[in-house]
Amino acid sequence: MLLFSSANGEPTSKGETFIVSSFSYPHTRLRPFDLRYIRVDLPPWFSAMSIALNSDIDLDVSRIERVPMSTLPIICFRDGGPPLPDALNITLKDSAVSGVWFIGLFNGIGPTRTQSKMIIRGPAYSFAANITVEACTNSMMMGDFCNSPVYPFSCTVSDVNNALKATTVIQPMLENLMTCKSNLKTSCAHEGVPNIFSLDIINVAEVFTVTASDIKFNITPSNSTSGANDVSLMCFARHGSMPSVTLYDYSSDLNKVPLVIHSPLIGRWYITIVPINLIKMQDSNVTVCYSVKSHVLQCPLGKTGPNCTMDIYMLQTYVRRGPTPFESYYLPVGSGTSYASANFPLEPLLSNSSYNGEPGSIWTYLLLDIPRGAAGGNIHVQLSSDVKINYEVYARFGGLPSLISWDYYYANKTMRSDTSMFFMLYDSSDDKINFYIMYAREGTWGFGLRHLNTSIFPAKGPTVMSLSLERCPKHCSSHGDCKFSFDASGLTSYSFCSCDRNHGGIDCSVEIVTHQGHIRQSFFLIVSNAAAILPAYWALRQKALAEWVLFTSSGIASGLYHACDVGAWCALSYNVLQFMDFWLSFMAVISTFLYLATIDEVLKRAIHTAVAILTALMAVTNATRSSNVVLVMVIGALGLLIGWVIEMSTKYSLHVIKRWLCNLVGSLLRRYHWPFALAGFSALSMAIVSWTLETSESYWFWHSFWHITIYTSSFFFLCSKANIVDSENQLPANGNYELTHQDSLPRNG
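Counting with full-length UniProt numbering, you get residues 1 to 749 for the letters of the sequence shown.
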């Protein structure tokens with residue numbers, strides 16, 4: 001079982017916790033290269049999330065290192081979007097934050113995970129999961145016993161000039177100030193006992209500050225030389241989850257300086273204030289009392305940045321028509337850009353920005369929203385110009401990016417977000433920028449364009465930008481198909497590439513099989529079916545026309561199927577060719593066994609009909625199962641045995657059958673040419689071994705070898721049947737023998 005808790009403490013049996021949500025994932029079989037996603041929504045006040053995962057995977061640490069990555073089962077976690085299994089440089093945080101978490105279960109990772117396989121072989125695993133989220137009954141109570149209240153800040157619009165006199169924040173111009181206070185005018189706490197506050201930031205803000213005033217003791221301490229100014233009033237702030245002394249986003253001693261957070265993320269912030277250094281006070285009843293309030297500075301609509309001198313534009317969503325959900329593009333509101341195109345010029349958006357004379361100090365910001373359920377999509381960012389692009393692009397989820405606060409960025413060919421698996425760069429040069437943000441989180445995204453020119457917009461070629469939400473990066477590089485599916489809850493769609501036989505990777509850009517290798521593999525898989533000529537020729541020579549038609553058709557169908565499977569040419573649809581290949585192959589193997597039985601043709605046709613129905617069902621349901629080979633062999637051997645039983649029961653009496661069984665070895669030796677039979681068994685054994693050795697990587701070789709050996713074994717078995725009449729057939733039924741004498745001399749008179 002896996003357990004993740006927030007910093008407000010894990011629930012205990014004494015606490016007033018309850019299950020906020022519970023999700024059971026039924027027993028599921030994870031085939032090789034399969035994946036499953038599970039979405040978990042964590043409320044801001046949650047206490048713990050527990051995951052009970054049951055699986056039949058039996059791997060210890062010593063064996064994991066020897067398991068190939070393509071067959072290694074892995075579980076991945078990611079906050080905000082589906083995880084990618086190849087992002088191995090990302091580790092799970094010690095404590096989960098609220099919001100949306102995704103759990104990914106993968107049976108094999110690496111570029112071959114998305115490669116189309118001619119056959120899928122490898123270990124399959126089953127698993128079942130039960131996920132529960134626990135929290136306090138009251139969302140405004142936290143702690144191990146749900147006895148720590150959370151005081152929400154309520155905000156009102158204040159006068160900027162008067163409100164900022166007590167802070168160290170530089171006074172901006174034309175800004176809106178929200179002053180936020182809790183219901184408690186004065187808060188008191190003992191040494192190490194926290195007071196918890198919360199604040200919801202619903203729009204883009206410039207600065208978020210927390211200040212404390214009127215810091216004093218509740219009583220005058222006795223025998224103490226220290227005053228309230230010597231006490232450390234530590235403030236810890238965290239976005240989306242409860243902070244602690246060891247886990248927080250920002251901290252400050254409010255008795256010395258306010259806590260200042262620039263460009264805070266949108267969402268709920270938790271603030272914990274803890275008095276420290278009261279140990280010097282000998283009176284245990286001494287508490288520290290203080291008043292706390294917060295300020296949120298916001299620029300007027302359309303402005304942001306220092307002194308509200310930068311432009312910010314909200315982008316409007318335009319949904320693309322098509323079969324895949326959530327595909328859309330974004331255009332600035334009121335820019336006059338044609339809605340028919342996803343491109344918009346940048347120069348009109350930059351013309352109103354102020355310039356303070358410092359290189360690189362001009363920023364233009366764009367805001368877009370990723371809807372709920374679209375976390376499996378990818379943000380596509382493109383810039384193009386006729387001349388060198390003078391912009392750097394920065395992206396940040398939940399707020400505005402800067403030089404020190406960003407999630408992804410592209411400055412030039414050497415300065416970019418190379419360390420992230422979720423940042424994919426394509427075809428970028430001096431006059432073109434093209435990258436994807438993979439599996440973007442749901443919510444508000446901020447994009448910042450940093451202008452690099454030191455002069456005010458010199459004459460240059462126009463720069464065109466496009467921002468869109470797409471399903472697959474680079475349309476799978478034209479080497480695959482873009483598909484989509486839903487997570488286990490059905491609330492989030494995610495896209496993925498299904499690459500062709502020669503390519504793999506997240507975007508099908510990794511060449512797994514070279515062009516020469518593809519030609520070699522295709523040649524072996526198609527031409528190896530010429531081995532069907534051997535049994536077909538012998539059947540025709542023996543005037544076994546049914547077997548001749550069957551072996552000839554099987555070889556042709558297999559060659560056509562593999563020609564379509566490798567992408568050369570499809571005479572019919574893929575499913576039809578696959579059915580014909582497997583069905584006729586099953587029939588050819590079983591017919592070889594039936595040919596060895598010397599039974600009446602009427603009975604042989606009846607058995608053939610029954611076998612044809614059974615093998616057709618096998619081929620149309622799950623033709624590629626490995627167990628089908630064993631099942632076909634068993635059916636063939638059973639048919640041969642039934643033929644022998646029918647032959648003996650119809651031709652011989654019970655007494656002859658007993659004598660025939662006593663001379664079984666001699667009968668078998670006379671009925672079959674055993675050198676050919678032994679050669680047939682040897683070729684059949686090699687065919688079975690080649691089938692078991694087939695993997696996704698070596699399929700082309702071993703399956704070509706299978707074609708040759710299985711047809712060769714049929715040829716030897718056909719040759720092993722001897723055209724003789726058993727001496728047992730000449731025996732009278734009663735077993736009595738009588739010698740007679742005929743006088744050949746003529747008799748006279």
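Heads up, the beta-carbon is just placed ideally off N, CA and C, and yes, glycines get one too.
Identity of the residues DSSP links to residue i by a beta bridge
i, result
"F448", "Here residue 448 turns out to be Gly, not Phe, going by the sequence shown. Paired residue(s): Y365, Y394."
"S417", "Paired residues: none, contrary to the question."
"T463", "S385"
"K474", "Looking at the DSSP assignment, K474 forms no beta bridge with any residue, so it has no partner."
"N307", "N307 is not bridged to any residue."
"T317", "Y330"
"F496", "K483"
"R441", "Paired residue(s): none; R441 is not in a bridge."
"D253", "M234"
"Q516", "Beta-bridge pairing links Q516 to no other residue."
"V510", "G504"
"A129", "Y25, L53"
"N343", "S466"
"residue 753", "A question about residue 753 goes unanswered here, because the residues of the chain that appear run from 1 up to 749."
"K721", "Y672"
Whole-angstrom distance between residue j and residue i, CA atom to CA atom
i, j, result
"I90", "S498", "Its pLDDT being 47, under 50, I90 is placed unreliably in this model, and the coordinates cannot settle the point."
"L42", "P194", "23 Å"
"T695", "P325", "35 Å"
"E191", "S232", "10 Å"
"A687", "I607", "25 Å"
"S244", "N412", "39 Å"
"N502", "Q521", "11 Å"
"I201", "L265", "8 Å"
"N390", "H451", "6 Å"
"N255", "C235", "10 Å"
"Y298", "Y365", "Tyr is not the amino acid found at residue 298; the sequence shown has Gln there. Whole-angstrom Cα-Cα distance: 15 Å."
"V157", "S251", "26 Å"
"N176", "I261", "16 Å"
"S698", "P332", "52 Å"
"G504", "F701", "20 Å"
"T609", "A588", "13 Å"
"L369", "H703", "Leu is not the amino acid found at residue 369; the sequence shown has Asp there. Their Cα atoms are separated by approximately 50 Å."
"V381", "D427", "12 Å"
"S477", "S417", "21 Å"
"C719", "L525", "26 Å"
"M69", "F33", "11 Å"
"K185", "G81", "40 Å"
"P300", "G110", "48 Å"
"S495", "N54", "27 Å"
"A48", "T444", "26 Å"
"D581", "G639", "22 Å"
"N343", "V464", "6 Å"
"E392", "S489", "39 Å"
"C136", "W45", "7 Å"
"I635", "H515", "41 Å"
"D58", "T28", "17 Å"
"I51", "F102", "12 Å"
"R625", "W269", "54 Å"
Supposed contact pair residue j and residue i - C-beta distance, whole angstroms, cut 8 Å
i, j, result
"N147", "C188", "The pair is not a contact, with the Cβ atoms about 16 Å apart (cut-off 8 Å)."
"Y25", "A128", "6 Å"
"N138", "R31", "Actually they are not in contact, since the Cβ atoms of N138 and R31 sit about 45 Å apart, beyond 8 Å."
"S553", "G376", "That belief does not hold up - the Cβ atoms of S553 and G376 are roughly 45 Å apart, past 8 Å."
"L467", "L315", "7 Å"
"M421", "L84", "5 Å"
"E442", "V20", "Between V20 and E442 the Cβ distance is about 19 Å, and since that is not below 8 Å, they are no contact."
"D500", "G480", "6 Å"
"W706", "S690", "5 Å"
"F586", "V620", "So it is not a contact: roughly 11 Å between Cβ atoms."
Cβ-heavy atom distance, residue i to the ligand MN, below 7 Å
i, result
"T364", "No copy of the ligand MN occurs in the structure displayed, which carries no ligand at all."
Could you name each continuous beta strand (DSSP E) segment of 3 residues or more that falls completely within the region 173-230, going from the start of the chain to the end? 176-181, 187-189, 195-201, 207-217
Taking three-plus beta-carbon pairs below 8 Å as touching, is the region 564-572 in contact with the region 601-616? no
Examine the Cβ distances between the region 392-411 and the region 58-67 and report whether three or more of them are shorter than 8 Å. no
Say whether the region 424-435 touches the region 289-297, bearing in mind that this needs 3 or more beta-carbon pairs closer than 8 Å, one atom from each stretch. no
Please give the ranges of any beta strand (DSSP E) in the region 37-86, keeping only runs that are unbroken, at least 3 residues long and fully inside the region. 46-55, 73-79
Length at least 4, wholly inside the region 610-637: the alpha helix (DSSP H) runs in chain order: none
Enumerated in chain order, which unbroken segments of the alpha helix (DSSP H) with a length of 4 residues or greater are wholly contained in the region 524-584? 533-541, 545-565
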